[in-house]
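The structure under discussion appears below in the form of structure tokens.
2 protein chains.
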Amino acid sequence: MSKCEQCIVREFSSLKALNKDELLKIAECKTSKIIKKGETIFAEGENVNGIFCVKDGICKMTKLSPNGKDQIVKLVTKGELLGQRSMISEEPANLSAVALEDMQVCFIPKTEILGFFDKNNQFSMNVMKTICGDLKLADDHMVNMAQKSVKERLAETLIYLHETFGTNTDKTLKVQLSRDELASMIGTATESCIRLLSDFNKLGLIELVGKKIVLKDIQKLKKLAD
Amino acid sequence: MSKCEQCIVREFSSLKALNKDELLKIAECKTSKIIKKGETIFAEGENVNGIFCVKDGICKMTKLSPNGKDQIVKLVTKGELLGQRSMISEEPANLSAVALEDMQVCFIPKTEILGFFDKNNQFSMNVMKTICGDLKLADDHMVNMAQKSVKERLAETLIYLHETFGTNTDKTLKVQLSRDELASMIGTATESCIRLLSDFNKLGLIELVGKKIVLKDIQKLKKLAD
DNA sequence: CCTCAACTATGATATTTATCATATAAATGT
DNA sequence: ACATTTATATGATAAATATCATAGTTGAGG
Numbered sequence: 001m002s003k004c005e006q007c008i009v010r011e012f013s014s015l016k017a018l019n020k021d022e023l024l025k026i027a028e029c030k031t032s033k034i035i036k037k038g039e040t041i042f043a044e045g046e047n048v049n050g051i052f053c054v055k056d057g058i059c060k061m062t063k064l065s066p067n068g069k070d071q072i073v074k075l076v077t078k079g080e081l082l083g084q085r086s087m088i089s090e091e092p093a094n095l096s097a098v099a100l101e102d103m104q105v106c107f108i109p110k111t112e113i114l115g116f117f118d119k120n121n122q123f124s125m126n127v128m129k130t131i132c133g134d135l136k137l138a139d140d141h142m143v144n145m146a147q148k149s150v151k152e153r154l155a156e157t158l159i160y161l162h163e164t165f166g167t168n169t170d171k172t173l174k175v176q177l178s179r180d181e182l183a184s185m186i187g188t189a190t191e192s193c194i195r196l197l198s199d200f201n202k203l204g205l206i207e208l209v210g211k212k213i214v215l216k217d218i219q220k221l222k223k224l225a226d
Numbered sequence: 001m002s003k004c005e006q007c008i009v010r011e012f013s014s015l016k017a018l019n020k021d022e023l024l025k026i027a028e029c030k031t032s033k034i035i036k037k038g039e040t041i042f043a044e045g046e047n048v049n050g051i052f053c054v055k056d057g058i059c060k061m062t063k064l065s066p067n068g069k070d071q072i073v074k075l076v077t078k079g080e081l082l083g084q085r086s087m088i089s090e091e092p093a094n095l096s097a098v099a100l101e102d103m104q105v106c107f108i109p110k111t112e113i114l115g116f117f118d119k120n121n122q123f124s125m126n127v128m129k130t131i132c133g134d135l136k137l138a139d140d141h142m143v144n145m146a147q148k149s150v151k152e153r154l155a156e157t158l159i160y161l162h163e164t165f166g167t168n169t170d171k172t173l174k175v176q177l178s179r180d181e182l183a184s185m186i187g188t189a190t191e192s193c194i195r196l197l198s199d200f201n202k203l204g205l206i207e208l209v210g211k212k213i214v215l216k217d218i219q220k221l222k223k224l225a226d
């Protein structure tokens, strides 16, 4: 069982407010897991009963729309926590978490976390601030979906992927989403997404290297995204 | 200065966790305001420095999209609190709050509320749960915007307005939004919204009584909304 | 190395939605 | 009460997007 003290999640998440003793308590009760690409960490409607710390890898948070299509609501990467909302609301998960690449995560039971809420105010405030940040992003995201065209949303998403997750040595985007997943992020049909990528390619805004994408003209993309 | 003990906001919001002494402290420092229909309680980008308790009336929370159009993100009505996210995140307001009808609100300074976070855990948990609820709604809303057609969103919104705010004695919807505002809720052009209302009218799903709307066939509307 | 399935790509077409134009109705101020 | 603005309504058209069809490409497993 590895220690939590030097874990990356501790540095970046709400957990940074925990002291040595509290970290030791977590280290004792946590469960480490390896999640393979494509595997589900938890699914919409499931009772989670704790939170997951993402130690490595990226996952997509999705929600099934009544029309049967999956919408990617957001991406979560190393250093972040999963399942906080569900735990606090005492409700089943509203979103599914599915690994986009191999992941290392730790599960910490609800009982442990809820104890910290009572005793460690800084921790509570951190969690609250994180969720408030998520709420702001969700509202902003909603307005984008409602007001922007598919083209604008695609440009914006490409820039987001570039700025947030960076590139490989060959300049291709590090997070490798399928065209289908990219379409599901921007909320459009797969064919429309492919077609627009093709257009962007012809316009010299991006370059398609097999299934991978290179951003060639970020300034123009930003202008396009508004 | 009226007391807070019997106030409707106290019954329905996170404030219900506060004890008599705490309520008295609030009663002393709060400011009551009358907001006329159309007036702004606070605007996007403003520093709010406290929260507003909605004692009576309804307001819209809007965000300006880069294309210059206002998107209505949600409606807030009596018994609810405004400006919590901004206060907790220590950021300017992300949304504007504008009265849809005459309102009574009370302003409670930030300093007072932050004090309760330290001393009253139940209050903290209530606030956290409220924000978690907001986050779930925002995510769901986002998926709707991304995946549903304008027609589906209109049907869904009409049902929401009916179920949440009810009807007048003549069966018309109580919240009276202009066609423009309704369009801004569902994220479409005003003309498209008007046209669809007209279609729904011809199909017998709704009835247009001047600028007001009566839902005639809720079952069919629900089917339409998915 | 080959085969099958899944993914990517593109054309043709239908549907949805936005935009522009114009008309009518309702509200507002003087 | 009238003029002026503002909101609602509808038609015509253009633009955006989805859907259906089909073909090429890639990658995994035998």
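Chains V and W are the protein sequences, given in the same order. Okay, so the first sequence: first residue is 1 according to full-length UniProt numbering, each after it adds one. Okay, so the second sequence: first residue is 1 according to full-length UniProt numbering, each after it adds one. Using N, Cα and C, we set each Cβ at its ideal position, and we do this for glycine too.
Assumed close pair residue i, residue j - CB separation to whole angstroms, cut-off 8 Å
i	j	result
residue 54 of chain W	residue 38 of chain W	Between residue 38 of chain W and residue 54 of chain W the Cβ distance is about 16 Å, and since that is not below 8 Å, they are no contact.
residue 108 of chain W	residue 202 of chain W	Going by Cβ atoms, the distance from residue 108 of chain W to residue 202 of chain W rounds to 49 Å, so no, they are not a contact pair.
residue 102 of chain W	residue 57 of chain W	6 Å
residue 77 of chain V	residue 165 of chain V	7 Å
residue 88 of chain W	residue 132 of chain V	5 Å
Rounded straight-line distance, which links the Cα of residue j to that of residue i
i	j	result
residue 144 of chain V	residue 20 of chain W	44 Å
residue 206 of chain W	residue 188 of chain V	30 Å
residue 196 of chain V	residue 68 of chain V	23 Å
residue 210 of chain W	residue 172 of chain W	10 Å
residue 100 of chain W	residue 179 of chain V	42 Å
residue 192 of chain W	residue 183 of chain W	8 Å
residue 23 of chain W	residue 5 of chain W	6 Å
residue 175 of chain V	residue 75 of chain V	10 Å
residue 26 of chain V	residue 122 of chain W	24 Å
residue 120 of chain V	residue 129 of chain W	18 Å
residue 84 of chain V	residue 134 of chain V	11 Å
residue 91 of chain W	residue 127 of chain V	16 Å
residue 149 of chain W	residue 116 of chain V	44 Å
residue 70 of chain W	residue 151 of chain V	20 Å
residue 104 of chain W	residue 59 of chain W	11 Å
residue 93 of chain V	residue 52 of chain W	30 Å
residue 45 of chain V	residue 140 of chain W	13 Å
residue 199 of chain W	residue 42 of chain V	42 Å
residue 50 of chain W	residue 142 of chain V	25 Å
residue 9 of chain W	residue 48 of chain W	19 Å
residue 12 of chain W	residue 208 of chain W	33 Å
residue 82 of chain W	residue 14 of chain W	12 Å
residue 7 of chain V	residue 18 of chain V	13 Å
residue 190 of chain V	residue 177 of chain V	12 Å
Buried versus exposed call for residue i [16 or more other C-beta atoms within 10 Å across all chains shown]
i	result
residue 221 of chain V	buried
residue 32 of chain W	exposed
residue 35 of chain W	buried
residue 16 of chain W	exposed
residue 169 of chain W	exposed
residue 204 of chain V	exposed
residue 28 of chain V	exposed
residue 124 of chain V	buried
residue 181 of chain V	buried
Proximity winner among the options, relative to residue i (alpha-carbon distances)
i	options	result
residue 185 of chain W	V/9, V/146, V/194 and V/178	V/146
residue 40 of chain V	V/97, V/193 and V/76	V/97
residue 86 of chain W	W/113, W/4, W/156 and W/164	W/113
residue 2 of chain W	W/130, W/106, W/124 and W/149	W/106
residue 159 of chain V	V/93, V/120 and V/213	V/213
residue 225 of chain V	V/177, V/156, V/23 and V/4	V/156
residue 218 of chain W	W/162, W/199, W/190 and W/181	W/162
residue 138 of chain W	W/52, W/73 and W/200	W/73
residue 95 of chain W	W/65, W/177 and W/208	W/65
residue 153 of chain W	W/111, W/110 and W/223	W/223
residue 215 of chain V	V/177, V/190 and V/167	V/167
- [ ] Report the residue ranges of all beta strand (DSSP E) runs contained in full by the UniProt domain "Cyclic nucleotide-binding" (14-110) of chain W; include only those spanning at least 3 residues, in chain order.
- [x] 31-35, 40-42, 50-56, 58-64, 70-77, 96-99 and 103-109
Task: Ranges of the alpha helix (DSSP H) found wholly within the segment 173-208 of chain V, counting only runs of at least 4 - done: 179-186 and 190-202
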